[in-house]
Amino acid sequence: MDIKILIDEYSAVRSRTLELIEPLFEEDCSVQSLAEASPVKWHLGHAAWFFEAFVLQHYEAAFQPFQQEFLTMFSSYNSSNVPHPDPKRGFFTRPSLKATREYCHNIDERMTHLSQQVTEDERLQMIITLGIHHELQHQELMLADLKHLLSQNPLNPIYQPEINLSATASGISVPLDWHSFDGGIIEIGYEGEGFSYDNESPRHKQYLYPYQLASRLVTNGEYLQFIEDNGYDNPCFWFSEGWNWIKSAHCRHPLYWRYEAGEWKEFTLHGLVPLDLDLPVIHISYYEASAFAQWCDARLPTEAEWENAASRQKIEGDFADNNYFHPHHTVIGKTVKINALYGSAWEWTQSSYSPYPGYNPKKSNRSKPKSDIWDVAVGEYNSESMVNQYVLRGGSCITPRKRIRPSMRNFFPAETRWQFSGIRLARNEA
């Protein structure tokens, strides 16, 4: 691909990042409400940092950093080049949001100039493509982090007024059905010529027993029944570690639910709203998802089961592209569309995040030029994260559609709830 064409895609993604920040006050962009999260301003600077550190620093003639300190403060790596969250990013009151925007604008101009100087370079194309997908990932993380931040405010701030979707209807319940899948040897993992992360490869064989998947995600109403049946008080449904976690965290319901004046409400990026019992439950930890599945005599799917089913479906659903950052009912004619395996909420699987058979962290599993630049740039996505985490699949209502493939693997620790995560049930074929 001509690098000038790739820069058009780069510019579109950067414009979207700036569009997502537009509704915010500067004060909204500097605060960090979770150690695992980051301030909006840091996400913006970090997106620009990627291209300065991994592209311009190696390809720009007479490279000079925009500001030397930015190469450290907006980096996601520690001094040993290991990716890490930094709970002190909220202390960065400076640079200002305006200065951070100027940093982005400077990098944009230099990237455009570079594309006019270098039109074909396979390695450069691959690093820019990775950078684009890296920024899409941070668009999603930025919205999740922002929601947690705004939820701490007694004013219940509205990030975006609720919009009127022509395909939205409330109060419509869709019965849960079970879809059956044959057992046998299947293949999972990335297949194709486009972009994918290294953790999606190599494609390999898996054996599946016959199984069933629920036709839709678990709803708020169904999860409320679990709560009202004392699900949070019965250790029989919980892993011992999960039981200890809910007790120490005083967890009694999904993260953004609130019980006020005899009514359940839910904090969303569109404000505090009455809990819609027919929408998918979101902001659920792995522990809660597994306990709910135990309660209803089911289980969570494995990631191989999920991918086997999802690879047969068209990728469509509630994604961030429609600018509505909460699950919603989709109506076609007079029929409510049953939630597909994509969008609305990331779906927990019971699979630990681990390397696929044949994965080698020391070299790429796909054909690409070998370089120190590439090895450092992809460090965020390789084996260093493959411990004590579980795989989620399918994307959510804040996920850019371009991020999602049947083989896409997201991953978080079992206690994670600030992500837009939900539950799809599975069970063994009777």
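As numbered in the UniProt record's numbering, residues 1 to 430 make up the sequence shown, in order.
Glycine is no exception: its CB is placed at the ideal position from the N, C-alpha and C atoms.
On the DSSP bridge assignment, give the partners of residue i in chain order.
i	result
Thr268	Gly271
Phe226	Beta-bridge pairing links Phe226 to no other residue.
Leu208	Gly184
Glu200	Answer is none; Glu200 lacks a bridge partner.
Glu135	Its beta-bridge partners do not exist; DSSP assigns none.
Asn428	Tyr211
Arg258	Lys265
Phe237	DSSP output for Phe237 lists no bridge partner at all.
Trp42	Per DSSP, none; premise fails for Trp42.
Ser352	Tyr390
Roughly how many whole angstroms lie between the Cα atoms of residue i and residue j?
i	j	result
Asn199	Tyr356	7 Å
Glu384	Glu263	44 Å
Thr112	Leu71	20 Å
Thr168	Glu122	Because the pLDDT at Thr168 is just 46, under 50, the model does not fix this residue reliably, and the value given afterwards should be weighed accordingly. So the two alpha carbons sit approximately 44 Å from each other.
Arg94	Tyr103	13 Å
Glu288	Gln419	14 Å
Cys236	Lys98	53 Å
Pro87	Ser248	21 Å
Phe271	Arg16	What sits at residue 271 in the sequence shown is Gly, not Phe. Computed Cα separation, rounded: 22 Å.
Ser11	Arg110	12 Å
Gln116	Gln57	17 Å
Gly317	Glu140	16 Å
Thr302	Gly358	19 Å
residue 439	Ile132	In the structure displayed, the chain extends from 1 to 430; residue 439 sits before or after that span and is not available.
Leu136	Pro400	7 Å
His253	Met142	24 Å
Leu114	Ala144	33 Å
Asp2	Glu9	11 Å
Tyr223	Ala261	20 Å
Pro413	Glu36	11 Å
Pro327	Tyr286	19 Å
Gly395	Ser96	32 Å
Leu208	Phe181	9 Å
Phe66	Tyr197	29 Å
Asn410	Gly192	19 Å
His250	Ile186	42 Å
Thr129	Gln64	23 Å
Does DSSP put residue i in a helix, in a strand, or in coil?
i	result
Ile188	strand
Val391	strand
Trp306	helix
Glu69	coil
Phe50	helix
Leu279	coil
Leu213	strand
Arg299	strand
Tyr77	strand
Arg89	helix
Ala249	coil
Gly171	Summary for Gly171: the model assigns pLDDT 46, below 50, so the residue's position carries little reliability, and this model does not support an answer.
Ser290	helix
Thr416	coil
Ser421	strand
Thr129	helix
Ser115	helix
residue 509	The displayed coordinates of the chain run from 1 to 430. Any statement about residue 509 would go beyond what the structure contains.
Glu316	coil
Glu60	coil
His326	coil
Whole-angstrom Cβ separation of residue i and residue j, contact assumed at under 8 Å?
i	j	result
Ala426	Glu347	Not quite, the Cβ-Cβ distance comes to about 10 Å (not below 8 Å), so this is no contact.
His179	Leu213	5 Å
Asn323	Leu279	Between Leu279 and Asn323 the Cβ distance is about 18 Å, and since that is not below 8 Å, they are no contact.
Pro76	His148	For clarity, residue 76 is Ser in the given sequence; the question names Pro instead. Incorrect: roughly 19 Å between the Cβ atoms, too far for contact.
Ile107	Glu69	The pair is not a contact, with the Cβ atoms about 15 Å apart (cut-off 8 Å).
Val174	Ile127	Incorrect: roughly 44 Å between the Cβ atoms, too far for contact.
Glu429	Tyr259	About 39 Å; that fails the 8 Å criterion.
Leu300	Ser290	6 Å
Is it the case that the Cβ atoms of residue i and residue j are separated by a distance below 8 Å?
i	j	result
Phe195	His134	no
Phe226	Phe292	yes
Leu24	Val13	no
Arg417	Ile246	no
Ile398	Ala320	yes
Phe325	Leu275	no
Tyr190	Leu124	no
Ala345	Ser421	yes
Tyr206	Ile188	In the sequence on display, residue 206 carries Gln and not Tyr. Their beta carbons are under 8 Å apart, which means Gln206 touches Ile188 by this criterion.
Ala298	Leu341	no
Ile7	Leu44	no
Ser151	Phe267	yes
Thr349	Val281	no
Ala62	His138	no
Trp42	Phe91	no
Compute the minimum distance between the beta carbon of residue i and the heavy atoms of the ligand NAP, and state whether it is under 7 Å.
i	result
Thr302	Among the components modelled here there is no ligand, and therefore nothing to report on the ligand NAP.
Using a Cβ-Cβ distance under 8 Å, would residue i count as near chain B?
i	result
Glu288	This model lacks chain B altogether, as it is built from one protein chain only.
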